[in-house]
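Here is the structure we will look at, set down as structure tokens.
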Amino acid sequence: MTLRDLTNHIVEFAQDQYGSRFIQQKLEQASAVDKMAVFREILPQSYNLMVDVFGNYVIQKFFELGTPEQKEILVQRIKGQVLTLSLQMYGCRVIQKAIESVPLDMQLGIVQELDGCVLKCVKDQNGNHVVQKCIECVPPEHLQFIVDAFKGNVHSISTHSYGCRVIQRILEHCNAEQTTPILAELHQCAESLVKDQYGNYVIQHILERGRTEEKGRIIELLRGRVAELSVHKFASNVVEKAVTNASRAERQALINEVLEKDVQPSVPGATPATVGSTATTAATLPDNSDSVLWRMMKDQFANYVVQKMLDVAEQPIKKELMSRIRPHLPSLRKYTYGKHIINKMEKHYMKTNQVHLAMVLASPSPPTTPPASHDAEEDGICGNASSSSSMEIGLSRLSLENGRQSPPTGVSANSKAFASSHSRSSQFRQAQVGGEAIGMSSSAPRSGTNSKQTISGPSGRHVLHRAFRVDNCPPSVDNETAGRC
């Protein structure tokens, strides 16, 4: 079937899902004669097709593939109807395609019809896309009427679900003279925008794409309030973006707010020299630690800020941050959002120590005594910025004898919870990190597992559990258990 076979039925087919698709496909390879035949047939019904769910695509195709004369004729057809079409679900797509496809003089004829009704379009679910397209495609010197419409309305537009998108396009495409008054209004209400469900996107946009001085003003607004804003659903996104796009000095200042206010958990009987040091065992740290970092790590929003800090911090302060987090790891396993921090720490640990850990896992007989220490720079989570303490990893093996598991060498009597393979089995793993033993517990075996040798971590999440890749698991471990190896 060809386009000529549809003669006198083009409009009917254009309003059908499959007919519209067929016409669009044929127009891409059609000759100029065939295109003109189709164009002449749809022209009398062009407006009806523009607002039709399927017909609008045929009109768009002519804006894309038509001759300059055909495009000009279609622009004449929409003259006086630009606002109506811009607010219509399918008509707005035709207007956008027209703005993309026609020369500047025709663009201006379309855009100028929106003068006086910019705000109406900006806050409309369809019209806002047309205004965005105008800002993207038309030179800014012809869009002053749009900028003028925003003056005095920046806050209300920035906190609107559609308006916040349009104001971002203005900041992207308009010149400095046009954006300066807009930014001035934004800075006046920035504090409220940071916490707004839509306004926070505008502030994030400034942090990501704004000029250095504009970013600096926003970051200065956040200074001293990192902990407060990080636990807020919307403001936490802004803090993340600030940490990512700040200068090195600004980033360090933001992270220091978390570190300076972080008070290491008090340990009964411990001296000031041992509290928070690598000698303090994680098992002795209480769960009720009252510090900014601790509260942030287990908060549903602030934990993402801590993760971002780990991702983007420069090495010295990253090591300091990791050393502050490390004593909290065992307790974080109890919290849903705290586990995100554990996962992030694991990734950084693996990135730093991948070679050495792989060598340990590849060994057929994992050592029961700590291997030789690694270089201080390869500590990962093991040391802080000024520490040269070495990392030691010890893996203990479990063996099954006569249907029972015997405890590995070095396990205390308190951990000897060994029963038959069909009852509760003990899982043991001891990791010495900078001389600190982390975690040891027992857990029931998963259904369908009859392992003769199991190397696993404590119940819940552990800082090292993802280090055990599936291909290093014993053959008897089932798929679900293997995921934790």
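What the sequence shown shows, in the UniProt record's numbering, is residues 1 to 485, in sequence order.
Glycine included, C-beta positions come from ideal geometry on N, C-alpha and C.
Predicted model, so just to flag it, every value in this text is computed and none were measured.
Among residues of its own chain, excluding the 5 on either side of W294, which ones have a beta-carbon nearer than 7 Å to its beta-carbon?
By 1-based counting over the sequence shown, the position of residue 294 is 294. For W294, where only same-chain residues beyond five positions count, the Cβ hits under 7 Å are H328.
Would you mind working out which of G19, L49, V11 sits nearest A37, comparing C-alpha positions?
Within the sequence shown, numbered from 1, the residue matching residue 37 stands at position 37. The shortest Cα separation from A37 among G19, L49, V11 belongs to V11.
In or out: F63 buried (at least 16 other Cβ within 10 Å) or exposed?
To locate residue 63, count along the sequence shown from 1; it is residue 63. Classification of F63: buried, given that the 10 Å Cβ count is 16 or more.
Considering M1, what are the terminal residues of the alpha helix (DSSP H) in which it resides?
To locate residue 1, count along the sequence shown from 1; it is residue 1. First-last for M1: undefined, no H or E at that position.
Restricting to Cα atoms, I'd like to know which of K195, P316, C189, Y349 is closest to R251.
Position 251 of the sequence shown holds residue 251. Comparing Cα positions, the closest option is P316.
Return the residue from the list T212, R169, G224, N200 that minimises the CA-CA distance to F234.
Along the sequence shown, one-based indexing puts residue 234 at 234. For F234, the nearest C-alpha among the options comes from N200.
Less than 8 Å between the beta carbons of E113 and V94, yes or no?
Mapped onto the sequence shown, residue 113 falls at position 113. Mapped onto the sequence shown, residue 94 falls at position 94. Contact: no.
Would you identify the three-state DSSP class for S86, choosing helix, strand or coil?
For the purposes of this step, residue 86 is taken as residue 86 along the sequence shown, with counting starting at 1. Residue state, collapsed to three classes: helix.
Give the DSSP-derived three-state secondary structure of V94 in the structure shown.
Reading the sequence shown from its first residue, position 94 is the one you call residue 94. Reduced to three states, the DSSP call for V94 is helix.
Helix, strand or coil: how does DSSP classify V312 here?
One-based indexing of the sequence shown puts residue 312 at position 312. Note: V312 maps to helix in three-state DSSP.
What residues in its chain sit with their C-beta under 6 Å from that of N56, if we drop five residues either side in the sequence?
Taking the first residue of the sequence shown as position 1, residue 56 is located at position 56. Answer for N56: M50, Y90, R93, V94, listed in chain order.
Reducing DSSP to helix, strand and coil, say where N343 ends up.
Along the sequence shown, one-based indexing puts residue 343 at 343. N343 falls in the helix class under three-state DSSP.
Identify whether Y198 lies in helix, strand or coil by the three-state DSSP scheme.
What you label residue 198 is simply residue 198 of the sequence shown in a count that begins at 1. Reduced to three states, the DSSP call for Y198 is coil.
Identify whether F54 lies in helix, strand or coil by the three-state DSSP scheme.
Within the sequence shown, the letter at position 54 stands for residue 54. Coil.
Can you list, in chain order, the residues of its chain whose CB lies under 7 Å from that of E172, leaving out five sequence neighbours each side?
In the sequence shown, residue 172 corresponds to position 172, counting from 1. Once the five neighbours on either side are set aside, the close Cβ partners of E172 are R209.
Do the CB positions of T244 and V312 come within less than 8 Å of each other?
Here residue 244 is taken as the residue at index 244 of the sequence shown, counted from 1. Here residue 312 is taken as the residue at index 312 of the sequence shown, counted from 1. Contact flag set, yes.
Nearest-angstrom Cα separation, counted from Q76 out to P68:
The residue given as residue 68 occupies position 68 in the sequence shown. The residue given as residue 76 occupies position 76 in the sequence shown. The straight-line gap from Cα to Cα measures roughly 12 Å.
CA-CA distance, K347 and S156?
Residue mapping note: residue 347 aligns to position 347 of the sequence shown, counting from 1. Residue mapping note: residue 156 aligns to position 156 of the sequence shown, counting from 1. Straight-line Cα distance between these residues: approximately 42 Å.
Beta-carbon within less than 8 Å of E41's beta-carbon, same chain only, minus the 5 sequence neighbours each way: which residues are those?
For this step, residue 41 is matched to residue 41 along the sequence shown. Only T7, N8, I10, V11 meet the Cβ criterion.
Report the three-state DSSP secondary structure of C117 (helix, strand or coil).
Reading the sequence shown from its first residue, position 117 is the one you call residue 117. Correct three-state label for C117: coil.
Segment limits, alpha helix (DSSP H) that includes P139:
On the sequence shown, residue 139 is found 139 positions in, with the first residue counted as 1. Per DSSP, P139 belongs to no alpha helix (DSSP H) and is neither H nor E.
Would you say V194 and V238 are within 8 Å of each other, going by their C-beta atoms?
In the sequence shown, residue 194 corresponds to position 194, counting from 1. In the sequence shown, residue 238 corresponds to position 238, counting from 1. Closer than 8 Å, so yes.
How would you write the range of the alpha helix (DSSP H) that C189 sits in, first residue to last?
Here residue 189 refers to the residue found at position 189 of the sequence shown. Taken as a continuous stretch (DSSP letters only), C189 belongs to no alpha helix (DSSP H), as it is neither H nor E.
Give me the residue from P44, F54, R165 with the minimum Cα distance to I78.
Within the sequence shown, residue 78 is the residue found at index 78, counting from 1. Checked all of P44, F54, R165; the closest Cα to I78 is P44.
My assumption, with CB atoms under 8 Å, is that V154 sits in contact with I167. Please give the rounded CB distance.
As a working mapping, residue 154 is identified with position 154 in the sequence shown. As a working mapping, residue 167 is identified with position 167 in the sequence shown. The pair is a contact, with the Cβ atoms about 7 Å apart (cut-off 8 Å).
Tell me whether Y162 sits in a helix, a strand or coil according to DSSP, three-state version.
One-based indexing of the sequence shown puts residue 162 at position 162. DSSP places Y162 in coil when its eight states are reduced to three.
Look up Y335 in the DSSP assignment and say whether it is helix, strand or coil.
Indexing the sequence shown from 1 puts residue 335 at position 335. Looking at Y335 - three-state DSSP - the assignment turns out to be coil, as it is neither helix nor strand.
Where does the unbroken alpha helix (DSSP H) through T244 begin, and where does it stop?
For the purposes of this step, residue 244 is taken as the residue at position 244 of the sequence shown. Unbroken alpha helix (DSSP H) run through T244: 235 to 245.
Tell me the DSSP secondary structure of A30 in three-state form.
Working through the sequence shown from its first residue, we reach residue 30 at position 30. Coil, per DSSP.
Beta-carbon contacts of I170 that lie in its chain and below 8 Å, excluding the five residues immediately before and after
In the sequence shown, residue 170 corresponds to position 170, counting from 1. If we look at I170 and ignore the five residues flanking it on each side, its Cβ neighbours are I135, I146, V147, F150, Q178, T179, I182.
Whole angstroms is fine: what's the gap from M106's alpha carbon to I59's?
What you label residue 106 is simply residue 106 of the sequence shown in a count that begins at 1. What you label residue 59 is simply residue 59 of the sequence shown in a count that begins at 1. Spanning the two alpha carbons is a distance of roughly 16 Å.
Return yes when the Cβ of S236 is within less than 8 Å of the Cβ of A302, no when it is not.
Here residue 302 refers to the residue found at position 302 of the sequence shown. Here residue 236 refers to the residue found at position 236 of the sequence shown. Yes, the pair counts as a contact, with Cβ atoms nearer than the cut-off.
Beta-carbon gap between residue 486 and F39 smaller than 8 Å:
Given a span of 1 to 485 for the chain in the structure shown, any question on residue 486 remains unanswerable.
Close-in-space but distant-in-sequence residues of the same chain around Y337 (CB under 7 Å, 5 per side omitted)
What you label residue 337 is simply residue 337 of the sequence shown in a count that begins at 1. K298, D299, Q300, N303, listed in sequence order.
Below 6 Å CB to CB, which residues in the same chain sit around G460 once its five sequence neighbours on both sides are set aside?
The sequence position of residue 460 within the sequence shown is 460, counting from 1. Residue placement at G460 cannot be trusted, given a pLDDT of 38 that sits under 50; what the coordinates show is reported in the next sentence. So the list reads R333, once near-sequence residues are dropped.
Kindly list the residues whose CB is nearer than 7 Å to the CB of K308, restricted to its own chain and excluding five residues on each side of it in sequence; keep chain order.
To locate residue 308, count along the sequence shown from 1; it is residue 308. Excluding residues within five positions, the ones whose Cβ falls inside 7 Å are E240, V243, T244.
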